[in-house]
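Notes to accompany the following structure.
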Amino acid sequence: MGFDNLIGGTIWDEYSQKVQDLMNNPRNMGEITEEEAEAMGAKLIVADFGAESCGDAVRLYWAVDPKTDVILDSKFKSFGCGTAIASSDTMAELCKGKTVDEAVKITNIDVEKAMRDDPDTPAVPPQKMHCSVMAYDVIKKAAAQYKGVDMDSFEEDVIVCECARVSLSTLREVIRLNDLTTIEQITDYTKAGAFCKSCIKPGGHEEREIYLVDLLEEYEKEKMAKAADASASGSDLPFKEMTIVQKIKAVDKVIDDNIRQMLIMDGGDMEVLDIKENGEHIDIYIRYLGACSGCAASSTGTLFAIENVLKEKLDPNIRVLPI
Amino acid sequence: MRVYLDNNATTMVDPDVMREMEPFFVEKYGNPNSLHAFASQTHPALKVAMEKIYAVINAPKSGWVLMRTCTTESNNWVLKSIYLEEILTGKKNHIVVSEVEHPSVLATAKYIESMGCKVSYLPVNSEGIVEAERLREVITDKTALVSVMWANNETGAIFPVEEMAQIAAEYGAKFHTDAVQAVGKIPIDVQDFEPDYLTFSAHKFHGPKGVGALYIKKGSELTPLLHGGSQMGGLRSGTLNVPGIVGMGKAMEIAADALDFEMVEVKELRDMLEDALLEIPDTFVVTPRNKRTANTLLIAFRGVEGEAMLWDLNRAGIAASTGSACASEDLEANTVMEAIGAAEDLAHTAIRFSLSRFTTEEEIEYTIDATKKAVERLRSISSSYAYAPKGHESGLEARH
Numbered sequence: 000m001g002f003d004n005l006i007g008g009t010i011w012d013e014y015s016q017k018v019q020d021l022m023n024n025p026r027n028m029g030e031i032t033e034e035e036a037e038a039m040g041a042k043l044i045v046a047d048f049g050a051e052s053c054g055d056a057v058r059l060y061w062a063v064d065p066k067t068d069v070i071l072d073s074k075f076k077s078f079g080c081g082t083a084i085a086s087s088d089t090m091a092e093l094c095k096g097k098t099v100d101e102a103v104k105i106t107n108i109d110v111e112k113a114m115r116d117d118p119d120t121p122a123v124p125p126q127k128m129h130c131s132v133m134a135y136d137v138i139k140k141a142a143a144q145y146k147g148v149d150m151d152s153f154e155e156d157v158i159v160c161e162c163a164r165v166s167l168s169t170l171r172e173v174i175r176l177n178d179l180t181t182i183e184q185i186t187d188y189t190k191a192g193a194f195c196k197s198c199i200k201p202g203g204h205e206e207r208e209i210y211l212v213d214l215l216e217e218y219e220k221e222k223m224a225k226a227a228d229a230s231a232s233g234s235d236l237p238f239k240e241m242t243i244v245q246k247i248k249a250v251d252k253v254i255d256d257n258i259r260q261m262l263i264m265d266g267g268d269m270e271v272l273d274i275k276e277n278g279e280h281i282d283i284y285i286r287y288l289g290a291c292s293g294c295a296a297s298s299t300g301t302l303f304a305i306e307n308v309l310k311e312k313l314d315p316n317i318r319v320l321p322i
Numbered sequence: 000m001r002v003y004l005d006n007n008a009t010t011m012v013d014p015d016v017m018r019e020m021e022p023f024f025v026e027k028y029g030n031p032n033s034l035h036a037f038a039s040q041t042h043p044a045l046k047v048a049m050e051k052i053y054a055v056i057n058a059p060k061s062g063w064v065l066m067r068t069c070t071t072e073s074n075n076w077v078l079k080s081i082y083l084e085e086i087l088t089g090k091k092n093h094i095v096v097s098e099v100e101h102p103s104v105l106a107t108a109k110y111i112e113s114m115g116c117k118v119s120y121l122p123v124n125s126e127g128i129v130e131a132e133r134l135r136e137v138i139t140d141k142t143a144l145v146s147v148m149w150a151n152n153e154t155g156a157i158f159p160v161e162e163m164a165q166i167a168a169e170y171g172a173k174f175h176t177d178a179v180q181a182v183g184k185i186p187i188d189v190q191d192f193e194p195d196y197l198t199f200s201a202h203k204f205h206g207p208k209g210v211g212a213l214y215i216k217k218g219s220e221l222t223p224l225l226h227g228g229s230q231m232g233g234l235r236s237g238t239l240n241v242p243g244i245v246g247m248g249k250a251m252e253i254a255a256d257a258l259d260f261e262m263v264e265v266k267e268l269r270d271m272l273e274d275a276l277l278e279i280p281d282t283f284v285v286t287p288r289n290k291r292t293a294n295t296l297l298i299a300f301r302g303v304e305g306e307a308m309l310w311d312l313n314r315a316g317i318a319a320s321t322g323s324a325c326a327s328e329d330l331e332a333n334t335v336m337e338a339i340g341a342a343e344d345l346a347h348t349a350i351r352f353s354l355s356r357f358t359t360e361e362e363i364e365y366t367i368d369a370t371k372k373a374v375e376r377l378r379s380i381s382s383s384y385a386y387a388p389k390g391h392e393s394g395l396e397a398r399h
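These protein sequences, in sequence, are chains B and C.
Note that numbering that gives the first Met the number 0 has the first sequence beginning at 0, numbered continuously upward.
Note that numbering that gives the first Met the number 0 has the second sequence beginning at 0, numbered continuously upward.
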C-alpha cells in the first residue's frame, strides 16, 4: 500500500492497449434506424442506461430476428470517458450473433476480460470497473424490452458489489464462515469493494441499496446478541458463581439436552424446585412429574443418571434431591 | 505540437528564475541560521528575495511573510490555528468558508466541523461568484474566521474579498484569503483592504514547486503549527529553503513586471480561444470575462464527457484539465459546476484551459483546431446526440 500510493499515478497508464484502441476507434459506434432494422427483417430495440448528470450514459441498439431471437446487429452511442466508450463497444460486439437469452448472461466481467491484452492483467484500473457495469446493465434493459418483462427479473440474487459481481448471500456466508470484521478482509476474500468502491459505504460514486459496512454491522450485532444470550445464561461462569436464575436455567438446559427426552418417552417429566448451597455440596431439589413420580427407578437409576450428568456438566459437588 | 494549457495547476519555471536559484545548490549551500561564512553567504540573496516578495504584495515591514512549502500547508495552518486558539478555547464557535474553496481549505473546514465547530459554506451565484451579501447572512459576533479565495482555480472568477474583509472586521472576525490563483494575475496590495492572512505559492507564477508564503498582518500572529527551531521568528520552524526562497523572490519580481502583459496580451489569447470555441453549438462559459482572471477559461461542451475530452486533447499533445488537479484521480463532477447549479447534464463536461505568459498565438490556433475536432468526434459517439426511433422515451436520466 504505502509506496504505491505516494505519487498519484495517471489512470490512463493502466488502460490496456485494447481499451485505448477502442477508445480511439470504436468498432460498433453508431445507430440502427427503424428502416435498417426493417430491411434486415428484424425488430429494433433501443435501450438507454445511465445519465449525463452522473457522468456516463449509454444507448444500445439491437436488430433482433423475431423468429430466432438472434441479435443480428448491435451498435451503441455513449456519453462517458474512454473506458465507458471501450466497454460499450466491447459489449455491443459480444452481443452480436447471440440470442437474447444468451446475451443476458454476458456480465461486466466478461466485458472487462474481453478488453485485456493478456489474461492476467486487468484491462482498466479498479476505479474504472464500474464503466463495464453500465455496459452490462444496458443489455438487461434491452432484453427486458424485447421480452416485455422487468429487467430485475434477470437477477437471481441481490448484487452488492456490481464491479466484482458479489451477491448478498455470498457476502453474508463468507463473513460468517471466516469471522470477517473489516472491509479490507471482505475485499481480500471476495474482491467486493476492490474496484469503484461505491459499495463500501454511502457517499461513493454510486448510491447503493446495501453497503459492505451494513453487512459488517449486521454481523457485529448478531455476534453481540449471541454474546448477550450467553452471558444471560451465565454459561461462561463457573456454576457456583451464577445467580440463582442462571443456575436454574443452566440445570434446565443440561436436563433438556440429556435427560428430558427419555423421561417424556416414558410418559413422565421433572422440574427444578430450588437450588441451595449446603456446605461443600450444591443441592438441587427436583420434583418428578407424570409417570416418573412413584416409578422405582426414580430414586435409583434415573436419579443417578440425572445427578451424574449435572456433576459432569456443571459442578462435581452437585447432589440431586427428589421431593 | 505540445501545448501546455494547465497553468492553474502548475507552471513552467522561468529560466531566469532557475538561473537565480542555481548557485544555492552546490556553491552556497550553507544553513542560513548557522554561524559561519557558508551561512552568511546566503543572507544577501535571501534578503533581496524577501524584499521583493514584500514589495509585490505591498506588505508593511511590520507584518510577516512566512515562507512555507505550499499553499495547502498555509491554508491548513490558518484554519487549524484559529480552531486551536479561538474555537477550542470557547471564545468563538463559528467559521465561514465558500463552497468552492480549494480542498486545502474545504477539507480542513470539514475536519474542524467534525471536531465540533460550526461552519457556514457560502454559495456561489449563477456566474460562479460568491457575493459579499451572503456573508452578512451568516456572520455573527461568534465568528472567528472568514476564509474566501481571491480568485477561483477552476473558473478564474474573482471574488469580492475587499468587501468581505470589511464585513469580517465589523464583526471582529479574522479574514483569510487564498490568493494562490490571484498573485501574478491581478494587482495585490495587502494594505489596501488589510486581510489578516493571505496565502500563495511560487509554482503558480513560474517559480519553483515546494515554496509558498503566508502573509500575516501584525497583531494577527498564529500559534506555530510546527514547533522547533527559531526560524522565521519562531513562527515557522524548519531549515530555510534557500534556493526556493531566492527563486520565489525572482519569480515574483518578474510576475509583477509582467502583470500588464498578463492582463492584456495573455487575455487577448484567452479571448481568442474562448471566442473560437464558443462558435461550437451547445457550448457554455459560466463566469463573464471581465469577472475572472485573464488566463482562465472553463468551458462546457454539451454531450462530451470531460475525461474523454482530455483524452482526445492529450492525443493531440494538449494539456488541459477537468478542474482541480488534486481531484483528477477521483471520478466526481466538477465542484464549481455543481455549486453553480449548472444544468445537471453539464456537470461532467467542463474543461479548463489556463494560459500563461509563455503561451503563443500559434499554440492557441492549434488548440482551437484540435478542440473542435475532438468535440466533433466525441459528439458523434455521444448518446446525447444519438438517434432514437419515433416514440422512444429517453431513459437516460434513469439512474440516481
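In this text, a Cβ means the ideal position worked out from N, Cα and C, and glycines have one as well.
Owing to the predicted nature of the structure, the values given are computational and were not obtained by experimental measurement.
Exercise. Nearest to B:ASN345 by alpha carbon, out of B:THR82, B:VAL63, B:VAL57?
Worked result: This structure cannot speak to residue 345 of chain B, because chain B is shown only from 0 to 322.
For this session: Below 9 angstroms between beta carbons is the criterion; list the residues of the region 178 to 198 of chain B that meet it against any residue of chain C, in chain order.
Result: CYS195
For this session: Confirm, please, whether the CB-CB distance from C:LEU221 to C:SER73 is below 8 angstroms.
Result: Counting from one through the second sequence, the residue named residue 73 of chain C turns up at place 74. Counting from one through the second sequence, the residue named residue 221 of chain C turns up at place 222. Not in contact: C:SER73 and C:LEU221 (Cβ atoms no closer than 8 angstroms).
Exercise. Residues in its own chain within less than 8 angstroms of C:ALA400 by CB, not counting five upstream and five downstream?
Worked result: The requested residue 400 of chain C does not occur in the structure, where chain C is confined to residues 0 to 399.
Problem set entry | C:LYS255 vs C:VAL12 beta-carbon contact at 8 angstroms | Within the second sequence, the letter at position 256 stands for residue 255 of chain C. Within the second sequence, the letter at position 13 stands for residue 12 of chain C. Residue identity differs from the one stated: residue 255 of chain C is Ala in this sequence, not Lys. Contact: no.
For this session: Starting from the C-beta of C:ALA275, find all residues in its chain whose C-beta is less than 7 angstroms away, skip the five residues before and the five after it, and write them out in chain order.
Result: Start at 1 with the first residue of the second sequence, and residue 275 of chain C comes out as number 276. Same-chain partners within the cutoff: ILE367.
Exercise. Hey, would you say C:ALA250 sits closer than 8 angstroms to B:CYS80, going by beta carbons?
Worked result: As a first step, residue 250 of chain C is located in the second sequence; it is residue number 251 there, counting from the start. As a first step, residue 80 of chain B is located in the first sequence; it is residue number 81 there, counting from the start. In this structure, B:CYS80 does not lie closer than 8 angstroms to C:ALA250 by Cβ.
Exercise. What do you get for C:PHE260, buried or exposed, if any count of 16 or more other CB atoms within 10 angstroms of its CB means buried?
Worked result: In the second sequence, the residue the question calls residue 260 of chain C occupies position 261. Exposed, because fewer than 16 other Cβ atoms sit within 10 Å of the Cβ of C:PHE260.
Exercise. Below 8 angstroms between beta carbons: does that hold for C:TYR120 and C:GLU98?
Worked result: The sequence position of residue 120 of chain C within the second sequence is 121, counting from 1. The sequence position of residue 98 of chain C within the second sequence is 99, counting from 1. A contact, by the Cβ cut-off of 8 angstroms.
Exercise. Contact between the region 145 to 154 of chain C and the region 280 to 295 of chain C: three or more CB pairs below 8 angstroms?
Worked result: yes
Exercise. On the premise that B:CYS94 lies in contact with B:ILE44, defined as a C-beta separation below 8 angstroms, what is that separation, rounded to the nearest angstrom?
Worked result: In the first sequence, the residue the question calls residue 44 of chain B occupies position 45. In the first sequence, the residue the question calls residue 94 of chain B occupies position 95. Not a contact, Cβ separation roughly 10 angstroms.
For this session: Hey, could you find the ends of the beta strand (DSSP E) C:THR176 is sitting in?
Result: The count along the second sequence starts at 1 and reaches residue 176 of chain C at position 177. Start and end: 173 to 177.
Exercise. What residues in the region 286 to 311 of chain B have a beta carbon less than 9 angstroms from any beta carbon of chain C?
Worked result: none
Exercise. For the ligand GDP, is there a heavy atom less than 7 angstroms away from the beta-carbon of C:GLY246?
Worked result: Among the components of this structure there are no ligands whatsoever, and the ligand GDP is therefore not found.
Exercise. Taking all protein chains shown into account, do 16 or more other C-beta atoms lie within 10 angstroms of the C-beta of B:GLN126, making it buried, or fewer, making it exposed?
Worked result: The residue labelled residue 126 of chain B in the question sits at position 127 within the first sequence. Buried is the call here.
Exercise. With 8 angstroms set as the bound, which would you pick, yes or no: does the beta-carbon of C:SER381 sit closer than that to a beta-carbon of chain B?
Worked result: Position 382 of the second sequence holds residue 381 of chain C. Yes, C:SER381 counts as interfacial toward chain B.
Problem set entry | DSSP-derived helix/strand/coil call for C:ARG235 | Locating residue 235 of chain C in the second sequence gives position 236, counting from the first residue. Residue state, collapsed to three classes: coil.
Problem set entry | Assigned secondary structure, C:ALA324 (DSSP; H/G/I helix, E/B strand, else coil) | Within the second sequence, numbered from 1, the residue matching residue 324 of chain C stands at position 325. Model confidence at C:ALA324 stands at a pLDDT of 41, short of 50, so the residue's coordinates are unreliable; what they give is reported in the following sentence. Looking at C:ALA324 - three-state DSSP - the assignment turns out to be helix.
Problem set entry | Neighbouring residues, chain B, relative to C:TRP310 (Cβ below 8 angstroms) | To locate residue 310 of chain C, count along the second sequence from 1; it is residue 311. Near C:TRP310 (Cβ distances below 8 angstroms), the residues of chain B are TRP11, MET22, CYS80, GLY81.
Exercise. Got a sec: is the Cβ-Cβ distance from B:ARG207 to anything in chain C below 8 angstroms?
Worked result: Position 208 of the first sequence, counted from the start, is the residue given in the question as residue 207 of chain B. So no, B:ARG207 is outside the interface.
For this session: Output the residue ranges of the beta strand (DSSP E) runs that lie fully inside the region 263 to 305 of chain B and measure 3 residues or longer, sorted by chain position.
Result: 267 to 277, 280 to 289
For this session: Under 6 angstroms Cβ to Cβ from C:VAL210, same chain only, skipping five residues before and after it: list those, please.
Result: If you number the second sequence from 1, residue 210 of chain C lands on position 211. Cβ neighbours of C:VAL210 beyond the five flanking positions: ALA201, ASN240, GLY243, MET247.
Problem set entry | contact_flag[the region 183 to 199 of chain B, the region 107 to 126 of chain B] where n(CB pairs < 8 angstroms) is 3 or more | yes
For this session: Taking all protein chains shown into account, decide if B:LYS344 is buried (16 or more other Cβ within 10 angstroms of its Cβ) or exposed.
Result: Nothing about residue 344 of chain B can be reported from this structure: the residues present for chain B run from 0 to 322 only.
For this session: Please check if any C-beta of chain C sits within less than 8 angstroms of the C-beta of B:GLU161.
Result: As a position in the first sequence, residue 161 of chain B is number 162, starting the count at 1. No - not a single Cβ of chain C is within 8 angstroms of the one on B:GLU161.
For this session: Could you work out which residues of chain C lie near B:ASP47, taking near to mean beta carbons separated by less than 8 angstroms?
Result: Numbered from its first residue, the first sequence carries residue 47 of chain B at position 48. By Cβ distance, chain C contributes SER382, SER393, GLY394, LEU395, ALA397.
Exercise. Beta carbon of B:SER73, beta carbon of B:TYR60: below 8 angstroms?
Worked result: To locate residue 73 of chain B, count along the first sequence from 1; it is residue 74. To locate residue 60 of chain B, count along the first sequence from 1; it is residue 61. In contact: B:SER73 and B:TYR60 (Cβ atoms closer than 8 angstroms).
Exercise. Does C:ARG1 get closer than 8 angstroms to chain B when you measure Cβ to Cβ?
Worked result: Here the question's residue 1 of chain C lines up with position 2 in the second sequence. Cβ-Cβ to chain B under 8 angstroms: no for C:ARG1.
Exercise. Secondary structure at C:VAL303, three-state DSSP: helix, strand or coil?
Worked result: For the purposes of this step, residue 303 of chain C is taken as the residue at position 304 of the second sequence. The answer is coil: DSSP assigns C:VAL303 none of H, G, I, E or B.
Problem set entry | Exposure of B:GLY237, with buried meaning 16 or more beta-carbon neighbours within 10 Å | As a position in the first sequence, residue 237 of chain B is number 238, starting the count at 1. For clarity, residue 237 of chain B is Pro in the given sequence; the question names Gly instead. Exposed: under 16 other Cβ atoms inside 10 Å.
For this session: Would you decide whether B:GLY54 is buried or exposed? Buried here means 16 or more other CB atoms lie within 10 Å of its CB.
Result: On the first sequence, position 55 is the one that residue 54 of chain B refers to. When all chains shown are included, B:GLY54 counts as buried.
Exercise. Which value, in whole angstroms, describes the spacing of the CA atoms of C:MET114 and C:LEU272?
Worked result: Within the second sequence, the letter at position 115 stands for residue 114 of chain C. Within the second sequence, the letter at position 273 stands for residue 272 of chain C. C:MET114 and C:LEU272: Cα-Cα distance of roughly 46 angstroms.
Exercise. Nearest to C:ILE298 by CA position, among C:ARG269, C:ILE279, C:GLY232, C:ARG351, is which residue?
Worked result: On the second sequence, residue 298 of chain C is found 299 positions in, with the first residue counted as 1. Comparing Cα-Cα distances from C:ILE298 to each of C:ARG269, C:ILE279, C:GLY232, C:ARG351, the minimum goes to C:ARG351.
For this session: Would you check if there are 3 or more beta carbon pairs closer than 8 angstroms linking the region 290 to 306 of chain B to the region 7 to 27 of chain C?
Result: no
Problem set entry | Uninterrupted alpha helix (DSSP H) stretches inside the region 73 to 102 of chain B (no shorter than 4 residues) | 81 to 94
For this session: Note down, in chain order, all residues in the region 173 to 197 of chain C with a beta-carbon under 8 angstroms from any beta-carbon belonging to chain B.
Result: none
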